[in-house]
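Read the sequence shown against our numbering and you will find it ends at 122, with the numbers running on by one and no gaps.
Below you'll find the structure, written out as structure tokens, and then a few comments.
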Amino acid sequence: MAKAPDPFHEFVAELFAPMGTVSIRRMFGGAGVFREGLMFALLGDDTVYLKTDPKLRADLEAEGCAPFLWTKPSTGEVIDMGYVSLPSSAMDDPDEASQWGKRALAVAREKAAAKPKPRKKK
Numbered sequence: 001m002a003k004a005p006d007p008f009h010e011f012v013a014e015l016f017a018p019m020g021t022v023s024i025r026r027m028f029g030g031a032g033v034f035r036e037g038l039m040f041a042l043l044g045d046d047t048v049y050l051k052t053d054p055k056l057r058a059d060l061e062a063e064g065c066a067p068f069l070w071t072k073p074s075t076g077e078v079i080d081m082g083y084v085s086l087p088s089s090a091m092d093d094p095d096e097a098s099q100w101g102k103r104a105l106a107v108a109r110e111k112a113a114a115k116p117k118p119r120k121k122k
């Protein structure tokens, strides 16, 4: 039986609507937010975290945003996953949220382009 839609996921899809259609997929106890097949945000504990590079991270942190930190269960090691929360002001403003989201999508594009292409098997 399919799970009922998550109200927070529906809210986030509407929040990023000015960017165009986004999809949200559950993963690892949270969810990923995708556009153009690229994950540009993740959702955890009813918080939106954006994929960052050093410039976007600095801009978000200047807004008082916090990084997404994951604790590895086997060792207790805390790992910075490279995502930073969306500013609280953007949570009520789809235009502002989408401006931040577009920047995160650009980071996702750059990181995808920088990955080496898989080798074809002979």
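Yeah, the Cβ is synthetic: ideal placement off N, Cα and C, and Gly gets one too.
Just mark L69 as buried or exposed, buried being the case when its beta carbon has 16 or more other beta carbons within 10 Å.
The residue given as residue 69 occupies position 69 in the sequence shown. With fewer than 16 Cβ atoms within 10 Å of its Cβ, L69 is classed as exposed.
Are L86 and V48 closer than 8 Å when you measure CB to CB?
In the sequence shown, counting from the first residue as 1, residue 86 sits at position 86. In the sequence shown, counting from the first residue as 1, residue 48 sits at position 48. Cβ distance < 8 Å, so L86 and V48 count as in contact.
Simplified DSSP state of P7, which is helix, strand or coil
Position 7 of the sequence shown, counted from the start, is the residue given in the question as residue 7. It is helical.
Note down, one range per segment and in chain order, each beta strand (DSSP E) of at least 3 residues found wholly within the region 20-51.
23-27, 30-35, 38-44, 47-51
Are the CB atoms of L50 and Y83 nearer to each other than 8 Å?
As a first step, residue 50 must be located in the sequence shown, where it is residue number 50. As a first step, residue 83 must be located in the sequence shown, where it is residue number 83. Yes, the Cβ-Cβ distance between L50 and Y83 is below 8 Å.
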